[in-house]
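Reviewing the structure listed below.
There are 4 protein chains.
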Amino acid sequence: MKVGIIGATGYGGAELYRILLNHPKVENCILYSSSEANTLYTDSFPHLSEISNHVLQGIDIEEIKKNIDVLFLATPAGVSAEITPKLINSNVKIIDLSGDLRIKNRADYEKWYKREAVEQPVLDEAIYGLPELNREEIKKAKLIANPGCFPTATILGLAPIVQGNIIKESSIIVDAKSGVSGAGRGSSRATSYSEINENMKIYKVHEHQHVPEIEQALKRLNESVEAISFSTHLIPMTRGIMSTIYADLKRDITDEELHEFYKQFYKESPFVRVRPLNQYPATKEVYGSNFCDIAVKVDERTKRVTIVSVIDNLMKGAAGQAVQNFNIINGFEENTGLYLAPLFP
Amino acid sequence: MKVGIIGATGYGGAELYRILLNHPKVENCILYSSSEANTLYTDSFPHLSEISNHVLQGIDIEEIKKNIDVLFLATPAGVSAEITPKLINSNVKIIDLSGDLRIKNRADYEKWYKREAVEQPVLDEAIYGLPELNREEIKKAKLIANPGCFPTATILGLAPIVQGNIIKESSIIVDAKSGVSGAGRGSSRATSYSEINENMKIYKVHEHQHVPEIEQALKRLNESVEAISFSTHLIPMTRGIMSTIYADLKRDITDEELHEFYKQFYKESPFVRVRPLNQYPATKEVYGSNFCDIAVKVDERTKRVTIVSVIDNLMKGAAGQAVQNFNIINGFEENTGLYLAPLFP
Amino acid sequence: MKVGIIGATGYGGAELYRILLNHPKVENCILYSSSEANTLYTDSFPHLSEISNHVLQGIDIEEIKKNIDVLFLATPAGVSAEITPKLINSNVKIIDLSGDLRIKNRADYEKWYKREAVEQPVLDEAIYGLPELNREEIKKAKLIANPGCFPTATILGLAPIVQGNIIKESSIIVDAKSGVSGAGRGSSRATSYSEINENMKIYKVHEHQHVPEIEQALKRLNESVEAISFSTHLIPMTRGIMSTIYADLKRDITDEELHEFYKQFYKESPFVRVRPLNQYPATKEVYGSNFCDIAVKVDERTKRVTIVSVIDNLMKGAAGQAVQNFNIINGFEENTGLYLAPLFP
Amino acid sequence: MKVGIIGATGYGGAELYRILLNHPKVENCILYSSSEANTLYTDSFPHLSEISNHVLQGIDIEEIKKNIDVLFLATPAGVSAEITPKLINSNVKIIDLSGDLRIKNRADYEKWYKREAVEQPVLDEAIYGLPELNREEIKKAKLIANPGCFPTATILGLAPIVQGNIIKESSIIVDAKSGVSGAGRGSSRATSYSEINENMKIYKVHEHQHVPEIEQALKRLNESVEAISFSTHLIPMTRGIMSTIYADLKRDITDEELHEFYKQFYKESPFVRVRPLNQYPATKEVYGSNFCDIAVKVDERTKRVTIVSVIDNLMKGAAGQAVQNFNIINGFEENTGLYLAPLFP
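Chains as they are written, first to last, in my numbering: chain A, 5 to 349; chain B, 5 to 349; chain C, 5 to 349; chain D, 5 to 349.
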């Protein structure tokens, strides 16, 4: 396969490239950048010195149509809105890592993202690329909306109990924590080292653009789900997301039953690891890998369930999941080139 | 005043000593340690080189009765149970930073702490030292149970809406995050650098010993309060606690009303800073200080309130609050020697 | 005293303000900022909420001449060059934390700083504010060039053996390491969290602008000193500088003799702590304080000496030393308002 | 190949296992542990959940002789001294990651390690496994002494100029910095998070046991080399070593000549990346990989050279280099299963 990455100079793009360099089905990977065209990729990312001697290329839609089988968009919000419509009728399959194609309802997108939505026909074509819930649709897709980092951890944590009708639909509270790399490679005071180190913040309270994405996915599983509480915290670490999820139980269920239900739910999903009962995942335990690790625990005192779900935001939360989708749409084994052990410590 | 610190070689003890060294009402501060008696304090804490030439002393109850006006216990669970009863009838006032005297109900203590409780008469004598809720009782106290770190942040965050009958009593969920210094100065694999750095964990799920302390304090404010959900996360930083609190509103209330209600509630409390609406505190903004910073926000979509409360766990969560109590029981201004600006960055 | 700070919205300015707020001789402290005039200081630094309600003021030279006794310049290179000449003939004493006034030789400044130097008469007026070497001159000064962070740690580490004629003058090698706050509060990719965390870099190899400042100071102590090797490393921490210094011994000297020589050299200097033999300082042991901690050790195998010198770059390396100079030029005790214990851990 | 790892529950062992799990020539990898025999490996290292279901085995020399082709010893000092002699006459090839077999001179070992050395015949048999200097000997070896972390970075940084007779033999100064994982997985106060975070220390001044290893290797390249100055610093990060090296030039040489000389020296070595002139490596740029990145720069002012050499201490400094040696002694391509791109950020 010949693949391309637009936005290769961001963290998501670099992580994609790291995976695709060793992917057995990828023959060639072309890196595009509007701002840094004609420079060596290793000028941006010297950690790839002597591994890659790739020169960044300018974005040329006609060239892409001719040379690329699958195009990854690892770009900020708004770029996909511009590029995707131009390629929609070509043979190029697209996996879009941005949020532009995830929200089916244009008004919702515009309310939460505060920018104009992509035109409806393009949105209709896009398949939400969360393989654990959506594998069959993805197989036939030409255009993938790759999920956001918080939604991936959160939806995978909630899917079994939401679909299984185990919790009260109005009771979902998600307390999410993220490392800083999710903010991208641009510079800002808010993400500078001296402001983040030895510090912890809450941000975008009740306003995070990932809320409608999570609610949309949950409603596909159970249309009675109501608005969720969702808050996001910035943690002094580079990679890693943890969603701690709380919900009221609708009926009595034991830890063992709940745990077994999760094990069954994900038994065909190689990247979800439902951890043994009473063992809780730490973010470092999925570091650099495509795993989503989940633990569940009933609280007898409050009749609530606590769910912990962790991912590496650049892997299962972005580039890893994109390659997982790439494998599925091309009929490869889901974990081809992607079954990387986490790096610990 | 002549003061003593038992457990001076832990982090809480060191922080107490840092404050008391500059406290204008403290004439002499004696440091006790059973394990390191007769060694220089600066052997344990060289950051105090040339500031202190104190030699650690062995614990001698009779000597303490004679020489000490106020004794701080900065010791692990169990030590106070042994020492406090021996001093209860002396003139020595005691401020106990451990959890031993906080839980009035012995069965609750024994269930959550998994060790034998202090005898009931001693427990009955102990006053819970959260000045913002309890100032009048503290003034007359001889024996103070200094609150835990998580309870301080959590109870101060919740007190106004719990007392004000604003939220549903069964709906309280607290997602708490802490830096590592709360685990103390002992060594363990779980708190070693390589295991904590670039990592985040949840721990003691549904089992944290601070749960009964929080519930006891909330029930004093509003006896209808039911069991709370409380989870604790270990964050890769040394100091700082954040409690993110969620609760269902009982009635309509605007952000402005809620914010004003908090401002009024704490208007006599110099160490609680209710932050301006839409400004959220970060833990570094109270670093090294005795402040508890709080933000409140109503979520119209879910009819819930989100409250964020941050402290420095070694200050307002331990040593700082202990000195605040020391000031109150001695009739000094509440912020004497304690009005330290946070260190930023 | 009425004092002013220009550049109050940087880290150095904020640290100055933290100290001066509690300084017993400071009656009023006015904060100036050209870029953020007329905004609340706590909008920039919310950690000072309710401690300060100061509104930043625009820079007005005439107003300063009228209202300010001592003016601190906590500004980037170039600003002092513009402001200082306008105040040089007023009654305002100036303490300049930038590098503009430190290098007496204009050609050296222009070579290393790559910008135009201040006019010679102003340079001639400026006294280099390293009190441990220069106390008498500072007492009479009206214009202080406050030393750089690396120079402070390095010169204090080297002064005794350079003046004492103990080492070969061509053999000085300084391997310096710094936390990130020295880079200031501006945002840049190079100092963003994801680039610094879990990473270590060398930078400005053989080109750091602090080289001529160090050499100038050493030559005042011993004119035979030759060019030094000086390298700087960026360490994943916010505060702290360590200079590890190597030099060839000219003659046999024991550890005990060397250590005693250092103790004597600094016996009148309250902020230099020569640590006991075989005890080495860590940067955290001076965190938030104005101390410079030094250890010395002879290596019998190589006939070299190793010296370790640590400071908090924002304190003894900037704001703390500026207040030390402020105390000296005003005839106050050198440690007035400044004898703060380090914050540990 | 059937391989075994003794000491699999340490960080070096875990990193070996991570690599060997994906190594195309390894059919089976058995993990041994005396202290945790008969427990699941994932109980120690849950990041490998569902990747490994290996049960740790007790150490049984006879079983090893029968079942194992190559045995890795990832054990603390002293263990190899006990195990290696028992296997020396078997068919098992041994790669020892500890320091026990590195020092040929028993007296040197005993002086620096402060424990009894291995018997001389075993030491004589051991080949020092630094492939870039020693590839031909390693090909024929049966017993490999895998180099230490600091020696690997330092010797590779120095080898060209030492062998090339470019520097004065008495002038070598090495200022080394390391992340904390090099201290292993045991718990100690000195490596606990609260003591390391936001802190930097120098340790083992003039006493580090890696000194004789470095000097021995350098003397093999140039017997005139004299005692080196070598200091080690603990940096608040988990992985990564940087050696900053200073030496006096014997003769004039330009940056370009020196750089070219290094390029040539390492042209057959796939894991040494001599970085382009004026580009300096950061430790994160080799994170999780087996690369050693080197930069060189002449200082015209001092007639010295500065060399910067970085590795991941658990990879090129331990497990990665061990697998590199494994490949060489078995006649595989040197980078088989090991050409992993660094993880960034």
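Ideal Cβ positions, reconstructed from N, Cα and C, are used throughout, including at glycine. Please read these numbers as outputs of a predicted model, since none were measured by experiment.
Under the Cβ criterion (8 Å, minimum of three pairs), the segment 180-196 of chain A counts as touching the segment 234-249 of chain A. In the structure shown, Arg22(B) adopts helical secondary structure according to DSSP, grouped into three states.
If you look at Asp252(B), you'll find it isn't in any alpha helix (DSSP H); it sits in the beta strand (DSSP E) that goes 245-252. Not a single CB atom of chain A sits nearer than 8 Å to the CB of Thr236(B). The CB of Ala18(B) comes closer than 9 Å to the CB of Phe348, Pro349 in chain C, given here in chain order. Residue environment: Asp104(A) is assigned as buried (16 or more neighbouring CB atoms within 10 Å of its CB, all protein chains considered). The continuous beta strand (DSSP E) containing Val309(A) extends over residues 308-315.
Within the segment 49-75 of chain A, those residues whose Cβ lies closer than 7 Å to any Cβ of chain D are, in chain order, Phe49, Pro50, His51, Leu52, Ser53, Glu54, Ile55. Chain-ordered, the chain D residues with CB closer than 8 Å to the CB of Thr242(A) read Pro349. If you compare the alpha carbons of Ala130(C), Gly188(C), Met246(C) with that of Tyr15(C), the shortest gap goes to Gly188(C). Not one beta carbon of chain B lies nearer than 8 Å to the beta carbon of Val278(A). Judged by their CB atoms, Pro155(B) and Glu217(B) are nearer to each other than the 8 Å cut-off. Look at the segment 105-173 of chain D and you find these whole runs of alpha helix (DSSP H), each 4 residues long or longer: 110-117, 124-129, 135-143, 153-167. Chain A has no Cβ within less than 8 Å of the Cβ of Ala111(B). In the DSSP assignment, His27(A) falls outside any alpha helix (DSSP H) and carries neither an H nor an E. With distances taken between CA atoms, Gln325(A) lies nearest to Ile148(A) out of Lys6(A), Ile148(A), His212(A), Asp112(A).
According to DSSP, residue pairing for Val229(D) in a beta bridge does not occur. Contacts between Ser196(C) and chain A, judged by CB atoms closer than 9 Å, involve Val184, Ala187, Arg189, Gly190, Ser191, Ser192, Thr195, Ser196, Tyr197, Ile200 in chain order.
Nearest to Ile257(D) by C-alpha distance, out of Glu304(D), Ile311(D), Phe234(D), Val229(D), is Glu304(D). In the three-state reduction of the DSSP assignment, Arg277(A) falls in the strand class, which pools E and B. For the pair of segments examined, the segment 284-301 of chain B was found not to touch the segment 219-229 of chain B: the number of CB pairs separated by less than 8 Å stays below three. The C-alpha of Asn282(A) lies about 29 Å from the C-alpha of Gly186(A). Where Asp259(D) is concerned, the enclosing alpha helix (DSSP H) starts and stops at 259-269. Contacts between Val312(A) and chain B, judged by CB atoms closer than 7 Å, involve Ile206 in chain order.
Phe295(D) and Tyr284(D) have their C-alpha atoms some 14 Å from each other. CA-to-CA, the gap between Ala163(C) and Pro346(B) works out to about 34 Å.
When DSSP states are grouped into helix, strand and coil, Gly321(A) belongs to the helix group.
Asp297(A) sits in a strand when the DSSP states are folded into three classes. For a Cβ distance threshold of 9 Å, residue set Asn282, Tyr284, Ala299, Lys301, Asp303, Thr310, Val312 of chain C lies close to Val209(D), ordered along the chain. Shown here for Tyr291(A): same chain residues with a beta carbon closer than 8 Å to its own, the five before and five after excluded, namely Arg243, Gly244, Asp316, Pro346, Leu347, Phe348 in chain order. Of all residues in the segment 158-179 of chain A, those with a C-beta nearer than 7 Å to a C-beta of chain B are Ile177, Asp179, reading in chain order. At least one beta carbon of chain A lies nearer than 8 Å to the beta carbon of Tyr15(C). With a 10 Å radius around the Cβ and a threshold of 16 neighbouring Cβ atoms, Asp128(C) comes out exposed. Of all residues in the segment 17-45 of chain B, the ones placed with a Cβ closer than 7 Å to any Cβ belonging to chain C are Ala18, Arg22, Leu25, in chain order. Burial is judged here by how many other beta carbons sit within 10 angstroms of a residue's own beta carbon; Asp64(A) has fewer than 16 and is exposed. Three or more beta-carbon pairs separated by less than 8 Å are not found between the segment 261-274 of chain B and the segment 187-205 of chain A, which leaves the two stretches without contact.
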